[in-house]
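Below: one structure, written as structure tokens.
Residue numbers (the numbering used here), protein chains in the order written: chain Y, 1 to 290; chain S, 291 to 623.
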């Protein structure tokens, strides 16, 4: 997993003096253009900065709200939670990290999966949440993706996964590395049967997640300016002693290098995915002579 | 030994005494054979003691030892009539991954694919210390497909600190290359043996590591992240690497205890770097044993199904609690 010390995307509450605290809660500073934004307006604008169109990170629940038809999401495997197999501890024990993250997020892991509808078209759907231990992939994330892909295969549903992850979860050691193979294997089985897999990469998608299921999409979409890559920029700089090119590892950089299909602004995302799904359904109908 | 590890110091002194005695015996023409023999015995038992009590960080150092047998040593000794193949057909030949086909014995041909770190500075640089670019992973997959066409089993020897963290590697799709290998290795209709011979570094190792059987050499390591990387993220201090190594449980013995691998190949007393011939012969025995077991099993759908299930089993292992217990496969409970 990669450290995001220098690319903090969490909205910072601006608070210059204690007396202003109440009002400060309503304002936040855009990390990109430094404009002071009224939170209510930012929310109305889908968490996109109205000044510079910086895309603030969305939680899993916000993605569900943004992309899926109202009340169409039926989560599965909601109770699955990680075990501290290695009895791992750094400054915090892993067991504590899990329970703290779960309390904060009000769900048990870094991914939610289930069935849903987008513009009335049924899909299998997964969405990661970066707030949950950096969206890292341990056994549960792997297991949920595998079972989601298997469900999509059994029920002949298109599959959409929204990624946001620093990579594999170090605290589960080799158990988490193996999830890269497992998820890739399950996606492979689904694709061999001509299942359509859409992968949406959001800020950030890196490491073991980008190098497994996230980059196997039949179509790969991304949000503008999202950080996407395999290795961390700091590691690359230290290893190669080269200056990194401008916009390195951004969605735009990957687009230039032919790694992704489309960069889509948040306000158009549902529409674009909806259209892909309708082309797919129509193509199949036409072929069957329906 | 050019590269002496810190915990090998006591051995060095003994070795020096043996050398001195041998020299003295020659120069002064006196028979010191019995004392030399005694010292050699002592040396062996000392080695035995040290190497059977290595902590995890010491294991990391042994796994990375520059004098361990390298890929090319295994290739030359295991498949003497080897033919090697090059290129990803897209952009570049990546010497960090080497692949060759040849007879391991008169009844068996194998495709041997592995990371090549290089034996000296010149080679190290040429093959980028075994850190492959996307081209290397794409070449590896191309050669695996070739093996499938030839109907020969694949043996992957893993020894890398990781996939190369470079600008071009990112531009050429390092993530995609590894992801595709992981996916496609599940669909290869020939048996695959993956073996960690030194360092199993993260996704760069796993990128050629999806197998029907997974083995590790006694002092090799396999980890989701390097101890240094883990330390600098979790402790914000790369010097805590030895502590991180303890926590990551990355030795062959740890992985065996957690049912993550199928077996451990013993190393010569004092580690693979002390006796290449013995090490390679052990590796050969294990490959041949695996090959002879293959004859009876089917190579088609069954093989792929078992490979898929093998990885499911590995990961479901004691993972899920609450009401999901009931949906777990029988062998997991």
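Even for Gly, the Cβ is constructed at its ideal location relative to N, Cα and C. These numbers were taken from a predicted model, which means no experiment stands behind them.
Inter-residue spacing [alpha-carbon to alpha-carbon] between residue i and residue j
i: residue 381 of chain S; j: residue 259 of chain Y; result: 15 Å
i: residue 537 of chain S; j: residue 88 of chain Y; result: 6 Å
i: residue 364 of chain S; j: residue 473 of chain S; result: 27 Å
i: residue 445 of chain S; j: residue 111 of chain Y; result: 35 Å
i: residue 348 of chain S; j: residue 277 of chain Y; result: 54 Å
i: residue 209 of chain Y; j: residue 372 of chain S; result: 36 Å
i: residue 624 of chain S; j: residue 345 of chain S; result: A question about residue 624 of chain S goes unanswered here, because the residues of chain S that appear run from 291 up to 623.
i: residue 146 of chain Y; j: residue 601 of chain S; result: 11 Å
i: residue 318 of chain S; j: residue 326 of chain S; result: 15 Å
i: residue 59 of chain Y; j: residue 416 of chain S; result: 45 Å
i: residue 465 of chain S; j: residue 459 of chain S; result: 9 Å
i: residue 237 of chain Y; j: residue 243 of chain Y; result: 7 Å
i: residue 26 of chain Y; j: residue 38 of chain Y; result: 6 Å
i: residue 547 of chain S; j: residue 43 of chain Y; result: 50 Å
i: residue 77 of chain Y; j: residue 282 of chain Y; result: 31 Å
i: residue 271 of chain Y; j: residue 530 of chain S; result: 49 Å
i: residue 420 of chain S; j: residue 159 of chain Y; result: 36 Å
i: residue 57 of chain Y; j: residue 81 of chain Y; result: 24 Å
i: residue 254 of chain Y; j: residue 397 of chain S; result: 48 Å
i: residue 340 of chain S; j: residue 434 of chain S; result: 39 Å
i: residue 116 of chain Y; j: residue 222 of chain Y; result: 20 Å
i: residue 247 of chain Y; j: residue 268 of chain Y; result: 23 Å
i: residue 18 of chain Y; j: residue 266 of chain Y; result: Confidence is the limiting factor: at residue 18 of chain Y the pLDDT is only 48, short of 50, which leaves the residue's position unreliable and the question unanswerable from this model.
i: residue 241 of chain S; j: residue 484 of chain S; result: Summary: the structure shown does not reach residue 241 of chain S, with chain S confined to residues 291 through 623, and so no result is reported for it.
i: residue 233 of chain Y; j: residue 423 of chain S; result: 16 Å
i: residue 157 of chain Y; j: residue 598 of chain S; result: 21 Å
Short CB-CB distance (under 8 Å) between residue i and chain Y
i: residue 520 of chain S; result: yes
i: residue 514 of chain S; result: yes
i: residue 572 of chain S; result: no
i: residue 529 of chain S; result: no
i: residue 621 of chain S; result: Per-residue confidence for residue 621 of chain S stands at a pLDDT of 37, beneath the threshold of 50, marking its modelled position as unreliable; no derived number is given.
i: residue 464 of chain S; result: yes
i: residue 508 of chain S; result: no
i: residue 457 of chain S; result: yes
i: residue 525 of chain S; result: yes
i: residue 618 of chain S; result: Note that residue 618 of chain S scores 38 on pLDDT, short of 50, meaning its location in the model is unreliable and no value can be drawn from it.
i: residue 476 of chain S; result: yes
i: residue 268 of chain S; result: Residue 268 of chain S is absent from the model: chain S starts at 291 and stops at 623.
Any C-beta of chain S under 8 Å from that of residue i
i: residue 225 of chain Y; result: no
i: residue 244 of chain Y; result: yes
i: residue 211 of chain Y; result: yes
i: residue 195 of chain Y; result: no
i: residue 279 of chain Y; result: no
Exposed unless 16 or more other CB atoms sit within 10 angstroms - verdict on residue i
i: residue 251 of chain Y; result: buried
i: residue 55 of chain Y; result: buried
i: residue 451 of chain S; result: buried
i: residue 136 of chain Y; result: buried
i: residue 302 of chain S; result: exposed
i: residue 481 of chain S; result: buried
i: residue 176 of chain Y; result: buried
i: residue 49 of chain Y; result: buried
i: residue 16 of chain Y; result: Low local confidence applies: a pLDDT of 46 at residue 16 of chain Y is under 50, so the model's placement there is unreliable, and no value is given.
i: residue 306 of chain S; result: exposed
i: residue 338 of chain S; result: exposed
i: residue 579 of chain S; result: exposed
i: residue 624 of chain S; result: Summary: the structure shown does not reach residue 624 of chain S, with chain S confined to residues 291 through 623, and so no result is reported for it.
Cβ-heavy atom distance, residue i to the ligand COA, below 7 Å
i: residue 261 of chain Y; result: In the structure on display, the ligand COA does not appear, and there are no ligands present to speak of.
Cross-chain neighbours of residue i in chain B, by beta carbon under 8 Å
i: residue 154 of chain Y; result: The structure shown contains no chain B; its protein chains are Y and S.
- Task: State whether the stretch 552-564 of chain S contacts the stretch 182-201 of chain Y, with contact taken as three or more CB pairs (one from each stretch) at a distance under 8 Å.
- Result: no
- Task: For the stretch 156-188 of chain Y, enumerate the residues whose C-beta is nearer than 7 Å to any C-beta of chain S, in chain order.
- Result: 168, 170, 173, 174, 175, 176, 177, 178, 179, 180, 181, 182, 184, 185, 187, 188
- Item | Positions along the stretch 87-106 of chain Y whose CB lies within less than 8 Å of some CB in chain S | 88, 89, 90, 91
- Task: Check each residue of the stretch 399-432 of chain S: if its Cβ is closer than 8 Å to any Cβ of chain Y, include it; give the result in chain order.
- Result: none
- Contact between the stretch 146-156 of chain Y and the stretch 120-129 of chain Y: three or more CB pairs below 8 Å? yes
- Spell out a yes or no on whether the stretch 355-371 of chain S and the stretch 389-406 of chain S are touching, meaning 3 or more CB-CB pairs, one atom from each, closer than 8 Å. yes
- Message: If contact is defined by three or more beta carbon pairs under 8 Å, each pair taking one atom from either stretch, is the stretch 539-546 of chain S in contact with the stretch 506-520 of chain S?
- Response: yes
- Just checking, does the stretch 496-505 of chain S make contact with the stretch 64-73 of chain Y on the three C-beta pairs under 8 Å criterion? no
- the stretch 227-239 of chain Y: positions lying closer than 7 Å to chain S by Cβ: When C-beta distances to chain S are compared with 7 Å, the residues of the stretch 227-239 of chain Y below that value are 229, 230, 231, 235, 236, 239, in chain order.
- Message: With a threshold of 8 Å, are at least 3 pairs of Cβ atoms found where one atom belongs to the stretch 523-537 of chain S and the other to the stretch 489-500 of chain S?
- Response: no
- According to a CB-to-CB cut-off of less than 9 Å, which residues of the stretch 255-274 of chain Y neighbour chain S? 256, 257, 258, 259
- Message: Under 8 Å, with one C-beta from each stretch per pair, do the stretch 30-37 of chain Y and the stretch 194-213 of chain Y reach the 3-pair mark?
- Response: no
- Item | Stretch-stretch touch, CB-based, cutoff 8 Å, three pairs: the stretch 217-228 of chain Y with the stretch 190-200 of chain Y | Under the 8 Å Cβ criterion, the stretch 217-228 of chain Y counts as touching the stretch 190-200 of chain Y, having at least three qualifying pairs.
- Got a sec: which bits of the stretch 484-498 of chain S sit with their beta carbon under 7 Å from any beta carbon on chain Y, in order along the chain? 492, 493, 496
- Message: Any C-beta of chain Y within less than 9 Å: which residues of the stretch 368-401 of chain S qualify?
- Response: From the stretch 368-401 of chain S, no residue has a Cβ closer than 9 Å to chain Y.
- For the stretch 104-134 of chain Y, enumerate the residues whose C-beta is nearer than 8 Å to any C-beta of chain S, in chain order. none
- Task: Taking a Cβ distance cut-off of 8 Å, strictly less, list which residues of the stretch 307-336 of chain S are near chain Y, in chain order.
- Result: Close to chain Y, meaning a Cβ-Cβ distance shorter than 8 Å, is no residue of the stretch 307-336 of chain S at all.
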